[in-house]
Structure formats: C-alpha cells, structure tokens
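Some notes on the structure that comes next.
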Amino acid sequence: MDLSLTESQEMLRTTARSFMQRETPVDVVVGLQKAESSLERDLWAKAARLGWLGIVLPAEYGGSGDSLSDAAVLYEELGRGPLPGPFFSSGVLGALTVLEAGTDEQRRRILPGVATGETVLTVAITEPNTSWGPGGITLAPQGRNGSFVLNGTKLFVSDATSATDLIVAVRTGDGPTDVSLLHVDAKARGVSTRRLPGFLSWQCEVSFDNVQVPATSLLGEAQRGWAALSRALERAIPILCAYIVGGCQAVYEKSVLYTQTRVQFGVPIGRFQRVQDHVVRLVNHLDSARWATWEALWKLDTGRPATASVHMAKAVASEAYLDVCNAAHEVHAGMGVLIEYGLPAHTQMSRTLFHYLGDPRWHKRRMADALEW
Amino acid sequence: MDFEVTYTEEQQRFRREVRAWLEANVAPSMLRTPTSAEDNYRRYLELRDLGRKLGAKGWLYPTAPAKYGGGGLDVDHAIILEEEVDRFDLSLPPYYDSGGRLGSASILVWGTEEQRQAFLPPIYRGEVRTWQLLTEPGAGSDLAGVRMTTAVRDGDGYVIRGQKIFVGSDNGTDRIWMIVNTDPKGKRHENLSWFMIDASLPGITMQPMELMGTGGEGGTDSGVKQTVFFDDVRVPAFALVGGENKGWTVATTHLELEHGGGGRIGRNRVWDRLLRYCQETKRDGVPLSQQQDVRDSLADIYIKTEVQRLFGLRNFYLTYARKPKSYEGPQLSYYRKTTGLWMTGAILEAVGPAALTTDPAWGAPSGFLETQQRNGIVSVHPGGTTDIQRVQMARRIGIGRSTREKAGTVHGAE
Ligand SMILES: Cc1cc2nc3c(=O)[nH]c(=O)nc-3n(C[C@H](O)[C@H](O)[C@H](O)COP(=O)(O)OP(=O)(O)OC[C@H]3O[C@@H](n4cnc5c(N)ncnc54)[C@H](O)[C@@H]3O)c2cc1C
Chain A
1 MDLSLTESQE
11 MLRTTARSFM
21 QRETPVDVVV
31 GLQKAESSLE
41 RDLWAKAARL
51 GWLGIVLPAE
61 YGGSGDSLSD
71 AAVLYEELGR
81 GPLPGPFFSS
91 GVLGALTVLE
101 AGTDEQRRRI
111 LPGVATGETV
121 LTVAITEPNT
131 SWGPGGITLA
141 PQGRNGSFVL
151 NGTKLFVSDA
161 TSATDLIVAV
171 RTGDGPTDVS
181 LLHVDAKARG
191 VSTRRLPGFL
201 SWQCEVSFDN
211 VQVPATSLLG
221 EAQRGWAALS
231 RALERAIPIL
241 CAYIVGGCQA
251 VYEKSVLYTQ
261 TRVQFGVPIG
271 RFQRVQDHVV
281 RLVNHLDSAR
291 WATWEALWKL
301 DTGRPATASV
311 HMAKAVASEA
321 YLDVCNAAHE
331 VHAGMGVLIE
341 YGLPAHTQMS
351 RTLFHYLGDP
361 RWHKRRMADA
371 LEW
Chain B
1 MDFEVTYTEE
11 QQRFRREVRA
21 WLEANVAPSM
31 LRTPTSAEDN
41 YRRYLELRDL
51 GRKLGAKGWL
61 YPTAPAKYGG
71 GGLDVDHAII
81 LEEEVDRFDL
91 SLPPYYDSGG
101 RLGSASILVW
111 GTEEQRQAFL
121 PPIYRGEVRT
131 WQLLTEPGAG
141 SDLAGVRMTT
151 AVRDGDGYVI
161 RGQKIFVGSD
171 NGTDRIWMIV
181 NTDPKGKRHE
191 NLSWFMIDAS
201 LPGITMQPME
211 LMGTGGEGGT
221 DSGVKQTVFF
231 DDVRVPAFAL
241 VGGENKGWTV
251 ATTHLELEHG
261 GGGRIGRNRV
271 WDRLLRYCQE
281 TKRDGVPLSQ
291 QQDVRDSLAD
301 IYIKTEVQRL
311 FGLRNFYLTY
321 ARKPKSYEGP
331 QLSYYRKTTG
341 LWMTGAILEA
351 VGPAALTTDP
361 AWGAPSGFLE
371 TQQRNGIVSV
381 HPGGTTDIQR
391 VQMARRIGIG
401 RSTREKAGTV
411 HGAE
C-alpha cells in the first residue's frame with residue numbers, strides 16, 4: 001500500500017499550484033464571476049501550452065496520455081480557485097465522451113483541437129426535467145433528407161456560452177437507452193446559448209430552433225450514445241470530484257487561517273470550541289471527499305470495477321462541498337459573505353456542482369444498484 | 001392552554017377596519033421586485049409613504065405608547081394588525097427600520113423624558129427611518145469590544161470618529177442609532193455609550209458593501225449593507241442615551257429584542273411559496289409535490305418551519321403577556337438561523353438546480369428560491385451568530401457560570 005503521490009504527480013501539483021497563485025489570485029477569480037462566458041482567453045491559451053487541455057487524451061489524439069489520477073492532481077489545484085472555465089466540460093467530459101463514442105475518424109478530427117484549446121466542447125445532457133438518467137432525454141431529432149433537425153432545449157449545460165462544439169444527447173428510439181450523441185457546431189444556425197442568471201456558475205440554456213445537423217455528425221453509432229456516455233461519465237466524475245476536493249481544501253485552509261488571525265474577546269477565535277467544531281466538521285467532510293475520490297481513481301486507473309466507488313465519490317463530494325462552505329460561513333460570519341473575500345465563489349460553485357452530473361440521492365441509488373444489494 | 005387565537009367581536013370589527021384600510025392603501029406594486037436601482041428607490045419612497053400613513057393612524061408601532069406618538073393599542077389589536085399586514089407580505093414597519101424598532105425600545109427604557117419626547121414621535125409616526133450601527137471591523141460578536149468608533153466630549157457636544165460595517169440598507173437613512181466608545185482607557189463594559197443622531201450631519205459618508213445576499217434580519221429584506229464613516233461628526237450632548245459609559249446596560253434591551261425575544265406571529269413566507277411552487281411545477285407530468293422524494297423533503301421543511309412558528313408564537317405571547325423569559329429569545333434566533341441554513345440544502349435537493357436561478361423561464365417566480373439559497377446563509381450572521389446564540393442560551397439556562405444570566409428588559413415606562 002502506498003497512498004502518496006508519485007514524483008511526477010508532485011511535480012504537476014507544484015507547477016499547477018504556482019500557476020494558480022500567479023495567474024488566478026482571489027481578485028481574478030472574483031472578477032471572472034460575472035462574465036457571460038467562463039472562458040478567459042489568456043488563461044485558456046496558457047493552460048493549453050501546459051498540456052492541461054488534453055491531459056486525459058492519448059498521445060495519438062494530441063493529448064499527454066496521463067492517467068486519470070494525474071488529471072485529478074491537476075483538477076484538485078484548479079478547484080482551489082475555484083477556477084472557472086470549460087476545463088472540465090471540454091478537456092475531461094467532452095474529450096472522454098468523444099473518445100468513448102466517436103469513430104476513429106471522428107476522434108482524429110475533433111480531439112486534437114480540444115487539446116490545443118481551439119475546440120471547446122461541452123456535453124448537453126439535461127433538459128428541463130433535470131434528470132441525469134437516459135429517461136430524461138426527450139429531445140428527439142427529426143430525420144430529413146439524411147440529416148437531423150433539432151428543435152428543443154437543453155438546460156443546465158455547463159459552460160455552453162464558451163463552447164465551439166456541442167455534444168448533444170438526443171432520443172432516437174423508444175427503448176430506455178435509445179440515445180444517440182450528435183456533434184453540433186455551437187455557431188450553427190438556430191443554436192443559441194445563454195448563461196442562466198443567479199446563484200449558479202455557468203450553467204446554461206441551449207436552445208435549438210430548426211437546427212440542421214448533417215448525418216455525419218452522429219458520433220459513433222445510433223442508440224449507442226448512452227453506453228458511451230456512461231463510460232465517459234464514470235471516468236470523468238472522479239475528476240470533477242477532485243476539483244471539488246480542491247475547493248474543499250482551499251476553503252479549509254482559508255478557514256483555519258481565519259481562526260488564527262481573527263481576534264474577538266481578546267483571543268483568536270480558534271480558541272472557542274464552537275469555532276473549532278465548525279472546522280472539525282469541515283475537515284471531516286474534506287477528508288471523506290478526498291479519500292472516496294482517490295480510491296475511485298485508483299480503481300479506474302488499475303482496471304478494477306469502479307462503478308460503486310465512483311457513485312459514492314460523487315455523493316460524498318457533493319454533500320461535502322455544500323456543507324464545507326456552510327461551516328466556513330459559520331467560521332467567518334460577516335467576512336465570509338463579502339464577495340471580494342472569495343468564499344462566495346466557492347459557495348456558489350458548491351451549489352452548482354451539488355446537482356451537476358447527478359446529485360447525492362441519484363448517486364446513492366446507483367451505488368446501491370452497483371453493489372447489487 | 002389554548003393555541004387558537006380566538007377573536008372577540010371587537011377584534012373582528014378592528015380586522016374589518018384594518019383590512020379595508022390596507023386594501024385601499026397598499027398598492028400591489030409596492031411588493032414588486034425592483035427592476036433597477038431607481039425603481040428600488042421609487043418603491044422605497046412608496047413604502048415610506050405607506051409608513052407615514054400607518055404612523056398617522058398609530059398602526060406603524062401599534063403597541064408603542066400613545067403619548068409619544070405610538071398606537072397605544074393592546075396586544076389583541078396588535079395581533080390583528082400583524083396578521084393583516086402579513087396577508088400583504090408586509091411587516092411593521094413596511095421597510096427596513098432596525099434602528100427605529102430597537103432604538104425606540106431602548107429609549108423607552110433608558111432615555112430621559114425629554115429624549116423620549118424628542119426622539120420617539122418621529123419614529124412612531126414614520127417620519128424618519130433609523131439604522132442601527134453596532135458592528136465595526138474589530139468588533140462583531142464582541143460588541144463590548146467597540147473601540148474604533150469613539151465619541152469625545154467637546155464643549156456642549158461630542159465629536160464622533162470611526163467606522164461601522166455591515167450596517168443599514170440602501171436608499172439612505174434619516175437617523176442613526178449607534179454604539180460608540182466613550183472611554184478608550186476605561187474598563188470593558190464601562191466604556192460604551194449610545195447615540196441617536198441625525199444622519200445628514202457633516203462628516204458622515206457611506207459606501208455600499210457587495211455581499212453574497214441582502215439577507216433579511218428577520219422579516220423585511222435589509223437591502224444593500226453599508227460601511228459608514230464618521231469623520232469628526234459633531235453631535236449635541238442630548239443625543240447620548242442612557243448615560244455616558246452606560247452603553248452596555250442599554251445594549252441588553254437592544255440585544256434582547258434583536259435576538260428574537262419579541263417573538264413573531266407571522267407566516268413563513270418561504271414555506272408558503274415553496275409549497276405553491278412544488279404544487280404548480282410539474283416534472284415528467286407530475287407535480288413536484290406528488291413525487292415521493294420531494295414530499296419527504298417538504299415534510300422535513302414543513303416541520304422545521306412549524307417549530308419555528310411555535311417558538312415565535314410563544315415568545316410573542318411571553319412578551320405581550322409580560323411573562324418572564326430566559327433563553328427563549330436566543331432560542332428562536334438560533335432555530336431560525338440554523339433552519340434557514342439547513343433549508344438551503346433541503347430545497348436544493350428537493351427542487352434541483354431550478355432553485356439556483358433567477359431566470360424567469362426556469363427559476364421559481366421572481367427568483368424567490370434563489371434568494372433563499374443566498375439569504376439562508378447570509379442571515380446566519382446578523383444580530384449574533386449561531387455560536388453566540390448558543391452561548392446566550394447556555395448562560396440563561398444557567399450552566400457554565402456561577403450566576404444565571406437574565407433576559408434583557410424589553411418594557412419601558414409608559
Ligand atoms: C447581512 C448582514 C446584516 C448585518 N446587519 C447589521 C446591522 O444592521 N447593524 C450592525 O451593527 N451589524 C450588522 N451586521 C453585522 C453582524 O452583527 C456581525 O456580522 C455579527 O455580529 C458577527 O460578527 P463578525 O462578522 O465580526 O464575526 P466574528 O465576531 O468575528 O465571528 C467569527 C466567528 O467567531 C465566532 N465567535 C466569536 N466570538 C465567540 C465566542 N465568544 N464564542 C464562540 N464563538 C465565537 C463566531 O460565532 C464566528 O463563528 C450584519 C451582518 C450581516 C452579514
């Protein structure tokens with residue numbers, strides 16, 4: 001047994017952390033919050049040069065061929081920001097979906113651009129019913145002259161306002177998992193994207209109004225979309241969880257520092273047992289999320305059955321981030337709700353990711369199924 | 001024991017009178033979600049206008065003594081008023097007036113007769129609005145640690161200097177009710193004083209703070225919080241209430257009320273709207289309220305809001321029946337805060353990400369759930385954190401200290 005990072009993972013962590021400290025201090029993260037698009041050109045280009053956008057892709061598609069655990073090391077650092085941007089949407093979920101679903105020709109056509117950052121993907125799954133299961137996918141294309149015509153709405157799609165290409169899950173049959181994936185140009189006539197306003201981070205509405213999609217846009221085979229998407233999700237979710245762990249870690253460090261520096265009643269507030277209790281609750285969540293995530297990653301990277309662990313990790317991480325932020329707000333009181341302090345960016349992200357790719361209840365049920373209880 | 005509030009003939013008559021009056025004087029537009037800062041200001045002026053009209057009838061501060069411009073009404077009539085304004089989703093006063101509510105109560109108990117006559121009528125009649133200014137950068141929970149804002153005696157007045165944060169609301173104020181340090185070398189608890197001052201005095205400036213939510217302190221939405229700077233502000237000595245360096249004693253009244261000691265009999269507006277939303281919103285053809293997961297969450301939320309209502313009802317009863325209280329004030333406050341915070345998660349789980357957006361198409365009506373998601377967190381802090389409420393409860397239950405702490409005085413001379 002060895003629960004430490006490898007030497008190259010340590011190096012990646014150091015590089016990523018100093019990049020984050022240099023490029024995305026709190027004021028930058030806070031400043032980005034109101035932008036319609038989560039993609040900041042300069043940061044995106046730098047991340048591409050560092051090879052971060054193709055981190056989960058094999059070398060033959062322009063990636064660096066790293067393990068999921070390597071990618072998780074990076075995403076933990078990004079989560080500390082929490083750095084906005086379609087890093088996960090494009091570089092992980094988008095990339096893995098094309099990798100799992102596409103033909104070799106499609107992969108060669110689409111993926112190198114993802115690694116260089118020219119192509120920005122997002123996968124449009126959920127609809128107004130907000131379900132993450134195949135049953136929730138009702139958007140059904142009409143076939144016309146060998147091409148598809150799309151009319152309808154995808155909702156809570158991450159980072160759609162910065163995407164160049166959409167992977168859209170559509171219903172193409174009556175069977176429960178008769179779902180296909182279409183590769184749609186985000187600039188195609190009739191496609192419109194809009195960031196949803198409120199206490200959520202770059203979740204968007206994507207509307208299709210008579211959008212013509214050529215038959216060649218079908219990724220892989222018809223009706224195989226759900227199976228491919230499930231495989232992609234199983235590998236992508238733990239990386240999202242690592243991003244969440246990074247968020248929890250940053251909130252933890254912020255909180256600990258605050259208990260040491262904030263003085264009330266003549267003593268640092270960390271002296272009060274009530275404040276200690278908030279921090280203890282916080283770190284318990286942090287560690288739960290961390291170890292659930294890393295075991296799932298290890299199982300995936302070593303080819304072990306990982307389904308139950310992946311579901312558990314997302315359930316644990318979603319709940320952890322939410323309550324970690326609650327605890328941090330209790331620790332900080334007034335200071336914590338000041339936008340410029342940076343905690344609200346985490347709080348908002350924790351609420352956004354609570355549901356994204358499935359909320360805890362959803363994953364607990366899938367976990368129980370996977371464990372064959 | 002009788003939980004049902006039964007109404008006498010006289011109360012029912014009063015209800016008809018109040019309802020007819022409110023229907024004639026409360027425009028539905030007063031409850032709109034403002035579309036811009038200008039609209040927000042216009043709406044504020046409409047509510048202030050309503051406040052003056054209520055004040056003229058003695059209904060703005062119904063139980064306040066009539067000889068100082070209050071309504072002089074008994075609890076039976078006050079209940080009717082509270083219930084009727086609540087039907088319009090309003091509270092009394094119908095705008096943020098924290099310093100009016102808490103300052104007037106403190107002045108009734110601790111002010112001189114001249115001060116009562118000077119300060120109370122404009123508050124009770126709705127002619128002025130007042131903010132309460134307690135918190136400073138170095139003194140939040142530790143209110144006795146107020147040090148940065150000082151008042152120094154100078155001839156026939158005082159000069160105030162310093163800074164308060166997380167205070168007030170938007171659209172400005174007429175008066176300020178504030179606690180300052182009047183003896184920097186003095187002993188803790190013996191160096192503070194309260195002032196009721198004019199907000200338009202030279203040397204007072206304000207700067208809005210950008211917070212995660214405009215979290216209501218109790219009933220009304222408090223709007224945008226401010227940092228208020230005092231740059232050598234000259235105030236008359238008459239503005240000092242309760243005696244120089246006696247501020248800690250005065251604060252007990254203020255804090256008792258702020259901590260929920262007064263109680264509340266209103267509905268829980270978030271609950272009402274949440275239930276309606278879940279009944280009206282269908283997913284896969286089925287109303288949310290008919291889906292078992294959501295029903296389970298709604299049941300939990302309902303129970304918490306009911307317990308909160310009962311605590312509020314009990315405190316209201318204890319206050320107006322003039323029964324002794326100990327930990328009940330901070331208990332209501334603690335329960336309200338922890339429930340609001342917990343509810344953010346429960347609602348998010350029940351409703352999903354629609355709870356997070358203000359979008360007219362995909363969010364809840366006028367974004368009320370999104371507001372709860374923010375304010376459930378932000379409201380944990382005003383008027384004492386949950387930790388402080390628990391400290392208070394423990395002291396008043398009588399554990400942890402040799403002497404049991406008493407609840408603050410909330411009734412003044414009448
Ligand atoms: C939306 C909003 C509205 C507000 N409105 C007003 C207003 O109108 N007027 C006004 O004057 N102020 C207002 N405040 C300020 C509010 O009263 C303070 O934020 C609050 O009292 C806490 O103080 P603090 O933020 O300085 O936190 P701190 O006092 O620094 O607390 C930090 C942490 O230490 C803990 N702690 C501190 N002392 C103890 C102790 N003895 N035992 C155990 N734990 C302890 C706290 O519980 C918290 O977890 C408002 C704040 C907000 C967020």
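So the protein lines, in turn, are chains A and B.
143 is the number that this note's numbering gives to position 143 of the first sequence; each next residue is one higher, with no gaps.
205 is the number that this note's numbering gives to position 205 of the second sequence; each next residue is one higher, with no gaps.
Glycine included, C-beta positions come from ideal geometry on N, C-alpha and C.
Any Cβ of chain B closer than 8 Å to the Cβ of A/Q264 would place that residue at the interface, and such an atom is present. Under DSSP, A/A169 shares a beta bridge with A/L181. Around the beta-carbon of B/R264, 16 or more other beta-carbon atoms lie within 10 Å, marking it buried. Not a single C-beta of chain A is nearer than 8 Å to the C-beta of B/G223. Interface with chain A (8 Å Cβ-Cβ cutoff): B/R395 is excluded. For A/F148, the uninterrupted beta strand (DSSP E) segment begins and ends at S147 to S158. Leaving aside the five residues that flank A/A45 on each side, the residues in its chain whose CB is nearer than 8 Å to its CB run, in chain order, G117.
The DSSP-derived three-state label of A/E205 is strand. If you look at B/G162, you'll find it in the beta strand (DSSP E) that goes G157 to V167. Setting aside the 5 residues that flank it on each side, B/Q226 is surrounded in the same chain by V167, G168, M206, Q207, P208 and M209, each with a C-beta closer than 7 Å to its C-beta; the list follows chain order. Remark: C-beta atoms of A/S162 and A/L39 approach each other more closely than 8 Å. Counting C-beta pairs closer than 8 Å gives three or more between the segment 370-384 of chain B and the segment 350-360 of chain B, which meets the contact rule.
For A/R49, the three-state secondary structure derived from DSSP is helix.
For A/G198, the nearest CB of chain B lies under 8 Å from its own CB, placing it at the interface with that chain. A/V337 sits in a helix when the DSSP states are folded into three classes.
Straight across, the Cα-Cα distance linking A/H332 with A/S255 is about 7 Å. Under DSSP, no beta-bridge partner is assigned to A/D369. A distance of 8 Å or more separates the beta carbons of B/A66 and B/L143. Contact note: B/M209 reaches chain A through L338, using a C-beta cutoff of 7 Å and chain order. Here the alpha carbons of A/L196 and B/S200 stand approximately 41 Å from one another.
In the DSSP assignment, B/W194 falls outside any alpha helix (DSSP H) and within the unbroken beta strand (DSSP E) covering L192 to D198.
The secondary-structure analysis by DSSP pairs B/P236 across a beta bridge with B/G157. With a cut-off of 7 Å, the C-beta of B/L341 is classified as distant from ligand 1, since no heavy atom of the ligand falls inside that distance. Between B/I377 and chain A, the shortest Cβ-Cβ separation is below 8 Å. Relative to ligand 1, the nearest heavy atom lies less than 7 Å away from the CB of B/P382. No heavy atom of ligand 1 is found nearer than 7 Å to the CB of B/E256. What A/R366 touches in chain B, judged by beta-carbon distance under 8 Å, is nothing: the nearest beta carbon there is about 15 Å away. Under DSSP, the beta-bridge partners assigned to B/A151 are B/I160. Remark: the shortest separation between the CB of A/Q276 and any heavy atom of ligand 1 does not fall under 7 Å. Looking at B/D231, B/T338 and B/F88, the one whose alpha-carbon comes closest to that of B/N25 is B/F88. Here DSSP, grouped into helix, strand and coil, assigns A/N210 to strand. Comparing alpha-carbon positions, the option among B/I377, B/D170 and B/V233 lying closest to B/P34 turns out to be B/D170.
Boundaries of the beta strand (DSSP E) around B/Q207: I204 to P208. A/C325 is positioned such that its CB atom lies no closer than 8 Å to that of A/A289. The beta carbon of A/L218 sits closer than 7 Å to the beta carbons of S180 and L182 from its chain, once the five residues preceding and following it are set aside; these are given in chain order. Pairing B/N375 with B/V85, the inter-Cα distance amounts to about 22 Å.
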